[in-house]
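Student:
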Amino acid sequence: MNTIKRILGVVWILLGLAAGYYLIVSQAIPQFTSGKTEDLVPAIIYTFILMPIITGGLCIFGWYALQGEYNTVE
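Adding 90 to a residue's 1-based position in the sequence shown gives its number in this note's numbering.
(1) Secondary structure at residue 95, three-state DSSP: helix, strand or coil?
(2) For residue 88, is the classification buried or exposed, using 16 other Cβ atoms within 10 angstroms of its Cβ as the cut-off for buried?
(3) Using the C-alpha atoms, what's the distance from residue 141 back to residue 103?
(4) Pairing CB atoms from the segment 151-164 with CB atoms from the segment 124-136, are three or more of them under 8 angstroms?
(5) Does the beta-carbon of residue 123 have 16 or more other beta-carbons within 10 angstroms, so that it is buried, or is it exposed?
As structure tokens, then:
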């Protein structure tokens with residue numbers, strides 16, 4: 091079970107990086123470049139609020155799982 095948790099740690103880290111990439115490339119950049127003022131606020135929220143929280147949380151969770159912080163003691 092501990093090995094599965096460590097493998098899933100890598101999965102969580104990769105998922106966090108993929109989520110950050112998706113938020114920037116698919117959501118924030120098109121809204122920044124649209125030229126509309128109503129698209130600027132969501133782009134700023136995606137870039138400076140949601141992306142660090144989501145990416146950081148998933149990557150830290152994966153790092154702890156990879157380091158064995160969630161291992162069960164037998």
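For glycine and all other residues, C-beta sits at the position ideal for the given N, C-alpha and C.
Tutor: In short, the structure shows the following:
(1) helix
(2) The shown model of the chain, from 91 to 164, leaves out residue 88, and the question about it has no answer.
(3) 14 angstroms
(4) no
(5) exposed
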